[in-house]
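Colleague:
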C-alpha cells in the first residue's frame, strides 16, 4: 500500500470513527490491533522464509569428476550475480554470504603495472 493510499484510508477511518459509539470504537480499535499483529506475524514469516533461502543458497562444492574439465572450477576468479547479471571478480577477491547480507571483498589493484602507461594531460585535449 502506498503512502497516499494509507493517508486516504486513515482519513476515511477517522470519519467513520467519529460516527461510532464508545463500544464500537473499542471494537474497531481491537480489530486494528488484530490486523497489526497479523501483519507483524506475516512480516516475521516472510523474514524467516528469506533467511531460509539465504541458508539454502550457500555455495555448494561441485563434484569433481575424473577426466572432466570445468573452466569455472579451474579458474581463480570468483563469480557473483548482481541484479541478474553475472559478474567476475578479480583474483584474491572473496564473496561471503551471511544470514542477512552478502559481503564482497576486492583487494586494491597493484599500482606497479600502471607505470608504463603514457598519461595525457587535460590541457592537451581538443576543445569541445
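Residue numbers (this note's numbering): 806 to 933. Every residue gets a Cβ at the ideal spot worked out from N, C-alpha and C, and that includes glycine. These numbers come from a predicted model, not from an experiment.
Can you grab the Cα-Cα spacing for the pair residue 839 / residue 903, in whole Å?
Modeller: 34 Å
Colleague: Taking only runs of the beta strand (DSSP E) that begin and end inside the stretch 884 to 919, which ones reach a length of at least 3 residues, in chain order?
Modeller: 890 to 894, 899 to 902, 907 to 910
Colleague: Alpha carbon to alpha carbon, how far is residue 844 from residue 854? Give it in angstroms, no decimals.
Modeller: Roughly 15 Å between the two C-alpha positions.
Colleague: So which of 896, 900, 876, 920 has the shortest CA-CA distance to residue 887?
Modeller: 900
Colleague: Would you say residue 818 and residue 825 are within 8 Å of each other, going by their C-beta atoms?
Modeller: no
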